[in-house]
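Taking this note's numbering, I'd label the letters of the sequence shown as residues 35 to 337. Notes follow once the structure below has been shown.
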Amino acid sequence: MSRLGFLAAAVAAMLPIHARAEPGRPIVIGSKSDTEGALLGNLISLVLEDLGLRVERRLGLGPTLIVRSALLAGEIDLYPEYTGNVAFFSGTETDPAWKNNAGAYGLALRLDAAHGLVWLGRAPANNTWLIAVQGRLARERGLATMADFAGAVRDGAIRLAASTEFVESPAALPSFESAYGFSLPLSRIVSLPGGDTAVTARAAAEGISGINAGMVYGTDGALAALDLTVMSDPKGAQIVYEPAPVIRAATLERHPRIREALDPIFARLDADTLRRLNAAITVEGRTAEAVAKAWLAEAASRP
35 MSRLGFLAAA VAAMLPIHAR AEPGRPIVIG SKSDTEGALL GNLISLVLED
85 LGLRVERRLG LGPTLIVRSA LLAGEIDLYP EYTGNVAFFS GTETDPAWKN
135 NAGAYGLALR LDAAHGLVWL GRAPANNTWL IAVQGRLARE RGLATMADFA
185 GAVRDGAIRL AASTEFVESP AALPSFESAY GFSLPLSRIV SLPGGDTAVT
235 ARAAAEGISG INAGMVYGTD GALAALDLTV MSDPKGAQIV YEPAPVIRAA
285 TLERHPRIRE ALDPIFARLD ADTLRRLNAA ITVEGRTAEA VAKAWLAEAA
335 SRP
């Protein structure tokens, strides 16, 4: 059996319905221009194609606001988004419900329904802002949580690389500082205009300009390879960002099988799985489509 043939058989085993191609315009799938966006966009595309639906990929479409605008304008039908981003779309980021998994999903569901959008099942993986510390320093000082990190800041042991948004947004670094009782001086922060965690993580890992900590996201793939220790957030200082497909309600009405096909797929994407899959792309250099295909086949082989 060919690789494509094996994939089709594997995905079919995961899904309760497998049908012939349906007529009509294709379902347009978008994604953001980042590693995880490409991974999730390909997963969605492959599952829908296996349902027999005609799919048009517009992956890597751009940053969040561009992809969101395309969905609202009907230029795309669905894309993978993160629950916490609805807090900023709606201007409700101060609502404490965003810092709870179920609360964030429920709010996203309710607020986006007013825009004719439906959130399908979410992945149990919080891709929120976090801080990672150089592995050697973390081991030397026993750093594992943001409370530990706060102590290291007070001792003057931390030099952080982060985006300007992370430093300035009340929901990011200031939220950590408030929750854990520390204040990181601007003189000990290297602030970057972009939000590329590959840059901040590598700076921390390599000790560039004395940096030993970096802004990261919860499902970044290169963390283990770079020997970085992610500081856990036991007080839940950060907004929850769990990924899920967001689809136009009219599209879901035409193709209701999409929900039952995608929900069990996303339910399997926990944080460890997403880190592993992201690492296969960013560290091993495999394509997002190849990684998505292999994982679907792997998942189909397990109950």
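No residue lacks a Cβ here, since even glycine has one placed at the ideal position from N, Cα and C. None of these values were measured; they are calculated from a predicted model.
1. Take leucine 177 as the anchor and find which of Met265, Ala328, Arg320 and Glu332 has the nearest alpha-carbon.
2. Taking the beta strand (DSSP E) that arginine 92 falls in, what are its first and last residues?
3. Should proline 130 be labelled buried (16 or more other beta-carbon atoms within 10 Å of its own) or exposed?
4. When you compare the stretch 165 to 181 with the stretch 309 to 329, are there three or more beta-carbon pairs, one atom per stretch, that lie closer than 8 Å?
5. When DSSP builds the beta bridges, which residues end up paired with glycine 248?
6. Could you tell me if proline 97 is buried or exposed, where buried requires 16 or more neighbouring beta carbons within 10 angstroms of its beta carbon?
7. Expressed to the nearest angstrom, what Euclidean distance is found between the alpha-carbon atoms of alanine 345 and alanine 328?
8. Should alanine 107 go down as buried or exposed, given a rule of 16 or more other Cβ atoms within 10 Å for buried?
9. If you reduce the DSSP assignment to three classes, tell me which class leucine 260 lands in.
10. CA-CA distance, arginine 236 and glycine 255?
11. According to the Cβ coordinates, are arginine 70 and asparagine 161 closer than 8 Å?
12. May I ask you to report which of helix, strand or coil DSSP gives alanine 148?
13. Compare the Cα-Cα distances from lysine 66 to each of Ile245, Ala334, Thr234 and Arg102 and report the closest residue.
14. Cα separation between alanine 206 and glycine 58?
This is what the structure holds:
1. Counting from 1 along the sequence shown, the entry for residue 177 is found at position 143. Checked all of Met265, Ala328, Arg320 and Glu332; the closest Cα to leucine 177 is Met265.
2. For the purposes of this step, residue 92 is taken as residue 58 along the sequence shown, with counting starting at 1. First-last of the beta strand (DSSP E) with arginine 92: 89 to 96.
3. As a first step, residue 130 is located in the sequence shown; it is residue number 96 there, counting from the start. When all chains shown are included, proline 130 counts as exposed.
4. no
5. The sequence position of residue 248 within the sequence shown is 214, counting from 1. Bridge partners of glycine 248: Ala166 and Ala195.
6. The sequence position of residue 97 within the sequence shown is 63, counting from 1. Proline 97 is exposed by the Cβ-count criterion.
7. The question about residue 345 has no answer, for the chain in this structure spans 35 to 337.
8. Translated into positions along the sequence shown, residue 107 becomes position 73. Exposed.
9. What you label residue 260 is simply residue 226 of the sequence shown in a count that begins at 1. If DSSP states are grouped into helix, strand and coil, leucine 260 belongs with coil.
10. Here the question's residue 236 lines up with position 202 in the sequence shown. Here the question's residue 255 lines up with position 221 in the sequence shown. For arginine 236 and glycine 255, the distance between alpha carbons rounds to 12 Å.
11. The sequence position of residue 70 within the sequence shown is 36, counting from 1. The sequence position of residue 161 within the sequence shown is 127, counting from 1. At residue 70 the sequence reads glutamate, which differs from the arginine that was named. Cβ distance < 8 Å, so glutamate 70 and asparagine 161 count as in contact.
12. For the purposes of this step, residue 148 is taken as residue 114 along the sequence shown, with counting starting at 1. Looking at alanine 148 - three-state DSSP - the assignment turns out to be coil, as it is neither helix nor strand.
13. In the sequence shown, residue 66 corresponds to position 32, counting from 1. Nearest C-alpha to lysine 66: Arg102.
14. Working through the sequence shown from its first residue, we reach residue 206 at position 172. Working through the sequence shown from its first residue, we reach residue 58 at position 24. Spanning the two alpha carbons is a distance of roughly 44 Å.
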